Amino acid sequence: MSSSSPDERTLVLIKPDAVGRGLVGEILSRFERKGLRIDAMASRTMDGDFADQHYAEHVDKAFYPPLKGFMTSGPLVALVLSGDQVIEVVRGMIGSTDGRRAAAGTIRGDFSLSNRENLVHASDSTDSSKREIALWFPELG
Ligand code: CMP
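Residues 403 to 543 (the working numbering) make up the sequence shown, in order.
In structure tokens:
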């Protein structure tokens, strides 16, 4: 079978609130049932410097200090997922940033009531996926 272009990849973080609430299996299962591949997976706890690198575009925002505290508060699960148009597909599956407004059927819509503790992060563009995968999984580069 010939293939025109390799599948896209995206970086996903199952955040400390999801780990603490025992939702890792539920969230992974949704991605697997969708047909996405898990190319890498690791449990990590971010320190402050790493959080500043991951969230480089947000470090000057008012919501960043509490976001940093939350994201460094405990272990998270970092994933690289691949599949056809995976960046857009995963963004759709996780829903809008604010869990109170995210559509039912999305991960945030079904399980989050917060715009900070919103369970999952996913790359929002090909540029950010390349940058985030290089940061989290340099061995995949
Ligand atoms: P994420 O997709 O990881 O990208 C940036 C994160 O900042 C976002 O999910 C939320 O966890 C958080 N965030 C974005 N906007 C706000 C906000 N207005 N108040 C609090 N947290 C926010």
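Backbone N, C-alpha and C fix where the C-beta goes; we use that ideal spot for every residue, glycine too. Note that the structure is predicted; figures quoted are calculated from it, not measured.
From the DSSP output, which residues share a beta bridge with H456?
Here residue 456 refers to the residue found at position 54 when the sequence shown is read from its first residue. Partner(s): none; H456 has no beta bridge.
Between the Cα of M444 and the Cα atoms of P467, G507, V426 and F513, which residue gives the shortest distance?
Position 42 of the sequence shown, counted from the first residue, corresponds to residue 444. Looking at the sequence shown, residue 444 is not Met but Ala. Of the candidates P467, G507, V426 and F513, the one whose C-alpha sits nearest the C-alpha of A444 is V426.
Apply the 10 Å Cβ neighbour rule to G437 and answer buried if 16 or more other Cβ atoms are within range, or exposed otherwise.
As a working note, residue 437 is residue 35 in the sequence shown. Counting Cβ neighbours within 10 Å, G437 comes out exposed, since fewer than 16 surround it.
Excluding the five sequence neighbours on either side, which residues of its own chain have a C-beta within less than 8 Å of the C-beta of G543, listed in chain order?
Numbered from 1 along the sequence shown, position 141 holds the residue referred to as residue 543. Hits under 8 Å: I535 and A536.
Taking a contact to mean a Cβ-Cβ separation below 8 Å, would you say G497 touches G511 in this structure?
Looking up residue 497 in the sequence shown gives position 95. Looking up residue 511 in the sequence shown gives position 109. In this structure, G511 lies closer than 8 Å to G497 by Cβ.
Beta-ladder partner(s) of R411, from DSSP:
What you label residue 411 is simply residue 9 of the sequence shown in a count that begins at 1. R411 is bridged to S484.
Say the cut is 7 Å; is the CB of L430 nearer than that to a heavy atom of the ligand CMP?
Residue mapping note: residue 430 aligns to position 28 of the sequence shown, counting from 1. Result no, Cβ not under 7 Å from the ligand CMP.
Check whether the Cβ atoms of I416 and V479 sit closer than 8 Å, and answer yes or no.
Position 14 of the sequence shown holds residue 416. Position 77 of the sequence shown holds residue 479. Cβ distance < 8 Å, so I416 and V479 count as in contact.
Does the distance from the C-beta atom of P477 to that of V421 stay below 8 Å?
Taking the first residue of the sequence shown as 1, we reach residue 477 at position 75. Taking the first residue of the sequence shown as 1, we reach residue 421 at position 19. Contact flag set, yes.
Could you say if the region 461-476 and the region 428-437 meet the contact criterion of at least three C-beta pairs nearer than 8 Å?
no
Strictly closer than 6 Å from CB to any heavy atom of the ligand CMP: give me those residues in the order they appear in the chain.
H460, F465, L469, T499, N517, R518, N520 and H523
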